[in-house]
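Position 280 of the sequence shown, counting from 1, maps to 414 under our numbering, and the rest follow consecutively.
Backbone N, C-alpha and C define an ideal beta-carbon position, used for all residues, glycine too.
None of the values given here were measured: they were computed from a predicted structure.
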Amino acid sequence: MTPPAITFLAYQRQWLDDRARFKIGMFARQTGKTFTTCGEIVDDCVAAEIAQSRARWVILSRGERQAAEAMEEAVRPFCRGFAAAYRSLAAPEFAELDFAGDDDDGRVVRFKALEARFAGGSRITALPANPATARGYSANVFLDEFAFHQDSRAIWRALFPVISRPGLRLRVTSTPNGKNNKFYELWTGEDLAWSRHRVTIHDAVAQGLARDVAELKAAIGDEDAWRQEYELEFLDEASAWLPYDAIVACEHEDAGKPALYEGGPCLIGNDIARRGDLWVAFVWERVGDVLWCREIVELRHQSFAAQDAAVADLMARYRVERLVMDQTGMGEKPVEDARRRYGGAVEGVVMTAPLQLTIATAAKQAFEDRRVRIPAGRPELRADLHKLERVQGPTGAPRILTPRDEGGHADRAWAAFLGIAGAATEPGIIAWYRAEAARNPEAAARAADFVAGAKAARDAARAKLAAGR
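Rendered as structure tokens:
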């Protein structure tokens, strides 16, 4: 079957027709930047095959999933199209291989790589970006969504000596991700060697991209996220409690997947809401000294009974060491009910301004130290975490400001922070069962057993992690 013809829009043709050696593009979400650049890469390999020479390209994506998507959703379809157009051109073989190399600290890193191999020797390899992978190939390079790569400056330091060899080309595309990354420096620099392309969502739609701008803006529900990811503004990070760089550094493909729960002790942070804002339960599992997000449950405009049922489901499926709930305002009754059901595993927190600062500080430290792992590819979570602002109080002491917008009140962020704060100290039921012992020895014994089990599970998880290193 002949594959359907691919039609490029004007801004995509401008990118394809630009043969500059160093080319950087800032494109809005959903405008086809990865697809178009992969088309250029396949075209270059096909031209080399026809000329009986070889082209070598490496696609460095932010993670294994994105690398696989670039290969499966862009490179492979273009290869099929060229093979159909040029009957004498053999379709390339696709293979999966293991990559191993040393990072900047001398540790061995291993990744899955996907590769398209043409009969004449041209190759396209897609794998996650890392200093080791950046220096591991002498090839033309495509840095996909570069602003979101972990350690973007370290990747650049490893890559540029390789790409600076005569004849090698570099393609860099991304949407903005704050100002604390190498993509921002490249885009705003004055080096005339770079050819620059900028396409907002409005530019793309005006040139024929089939997108409903109003629908997209309503769906994202966050003005800052809209300005950055669709209108391509570099937002000032000066007042952000968590800069984008710290958030992205903690994103991982395996986070947020309940099926990967290892059976270790868990912390649940619960931000409570009944109308307007989101009700969120954020589940963290202790794995050694790192907290892995295992699940995020979000409810909007749901009854308290539905919220109670969601908590009961999580308590049944996870070994919960501590359930930390926002007790402020309407949280009083849900906390009281949860304590009646789950005893001292529940800790209610009345979110005064000083306590908000304490909780947010513990979370900030965990993100900066990379002791948490959150789901990748969740812009609404990233926006919530970045929404919190640090402001100066009237006495000069810092305090946390949480702006409210269509997306809520940073509900996902506070649920995550409550769970992190719960992990920062011993479970609250330790104090509870001691106080309870004089009045109710049976309840105290049950709580003591729970604490002992939680500690044993935590120690087993740490031992498992150490054995795997």
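Item                                                                                                                                                               : Value
Checking 8 Å against the spacing of the C-beta atoms, do PHE282 and GLU183 come in under that value?                                                               : no
Any chance the segment 250-270 sits against the segment 199-214, with 3 or more Cβ pairs inside 8 Å?                                                               : yes
To the nearest angstrom, how far is it from the Cα of GLY397 to the Cα of GLU481?                                                                                  : 22 Å
For ALA154 and GLY323, what's the separation of their Cα atoms in angstroms?                                                                                       : 17 Å
Look up LYS246 in the DSSP assignment and say whether it is helix, strand or coil.                                                                                 : strand
Counting beta carbon pairs with one atom in the segment 282-300 and one in the segment 348-356, are three or more of them shorter than 8 Å?                        : no
Taking three-plus beta-carbon pairs below 8 Å as touching, is the segment 342-353 in contact with the segment 478-492?                                             : no
What does DSSP give as the partner residues of MET449 in its beta bridges?                                                                                         : Looking at the DSSP assignment, MET449 forms no beta bridge with any residue, so it has no partner.
Contact between the segment 425-434 and the segment 405-413: three or more CB pairs below 8 Å?                                                                     : yes
At the level of alpha carbons, what is the spacing between LEU491 and PRO537?                                                                                      : 15 Å
Please identify the residue among PHE245, PHE438, ALA444 and ARG420 whose C-alpha is closest to the C-alpha of ARG453.                                             : ARG420
Taking 8 Å as the threshold, find out whether the segment 541-559 comes into contact with the segment 484-503 through three or more Cβ pairs.                      : yes
Would you kindly work out how many angstroms separate the C-alpha atoms of LEU394 and TRP418, rounded to a whole number?                                           : 12 Å
State yes or no: is the C-beta of ALA204 within less than 8 Å of the C-beta of THR309?                                                                             : no
Grab me the residues of ARG428's own chain with a C-beta within less than 6 Å of its C-beta, minus the 5 sequence neighbours each way, in chain order.             : PRO392, TYR395, VAL417 and GLU419
With DSSP collapsed to three states, give me the class of TRP149.                                                                                                  : helix
Which same chain residues, not among the five before or five after SER222, have their C-beta less than 7 Å away from its C-beta?                                   : none
So, for GLU227: in the same chain, excluding its five sequence neighbours on each side, which residues have a beta-carbon less than 6 Å away from its beta-carbon? : ARG251
Thinking C-alpha only, which one of TYR145, GLU514, GLY173 and ALA185 is nearest GLN362?                                                                           : GLU514
How many whole angstroms separate the CB atoms of TRP149 and THR170, which I take to be in contact at a CB cut-off of 8 Å?                                         : 6 Å
Could you pull out every unbroken beta strand (DSSP E) segment of at least 3 residues lying fully inside the segment 174-225, listed in chain order?               : 190-195
Report the CB separation of LEU457 from ALA440 in whole angstroms; it is logged as a contact under 8 Å.                                                            : Between ALA440 and LEU457 the Cβ distance is about 17 Å, and since that is not below 8 Å, they are no contact.
Indicate the three-state DSSP secondary structure (helix, strand or coil) for ILE335 in the structure shown.                                                       : helix
Quick one: what does DSSP say THR259 is sitting in, helix, strand or coil?                                                                                         : strand
Can you tell me the Cα-Cα spacing of GLY166 and HIS520, whole angstroms?                                                                                           : 26 Å
How many angstroms separate the CA atom of TYR364 from the CA atom of THR334?                                                                                      : 6 Å
Taking the beta strand (DSSP E) that SER308 falls in, what are its first and last residues?                                                                        : 304-308
Nearest by alpha-carbon distance to GLY312: which of ASN274, TYR378, PHE216 and ARG505 is it?                                                                      : TYR378
Within the segment 405-429, note down every full beta strand (DSSP E) run reaching 3 residues or more, in order along the chain.                                   : 413-421
In terms of alpha-carbon separation, which member of ILE508, ALA374 and ARG504 lies closest to TRP604?                                                             : Because the chain here runs from 135 to 603, residue 604 falls outside it and cannot be looked at.
Go ahead and pull the three-state DSSP assignment for ALA144.                                                                                                      : helix
Quick check on TYR145: buried or exposed, where buried means 16 or more other Cβ atoms within 10 Å of its Cβ?                                                      : buried
Can you give me the Cβ contacts of PRO295 inside the same chain, cut-off strictly under 8 Å, excluding the 5 residues immediately before and after it?             : ARG269
So for LEU293, helix, strand or coil by DSSP?                                                                                                                      : helix
Considering only the beta carbon of each residue, do LEU261 and ALA201 sit closer than 8 Å?                                                                        : yes
Which same chain residues end up closer than 8 Å to TYR220 when comparing Cβ atoms and leaving out the 5 residues on each side of it in sequence?                  : VAL180 and ILE184
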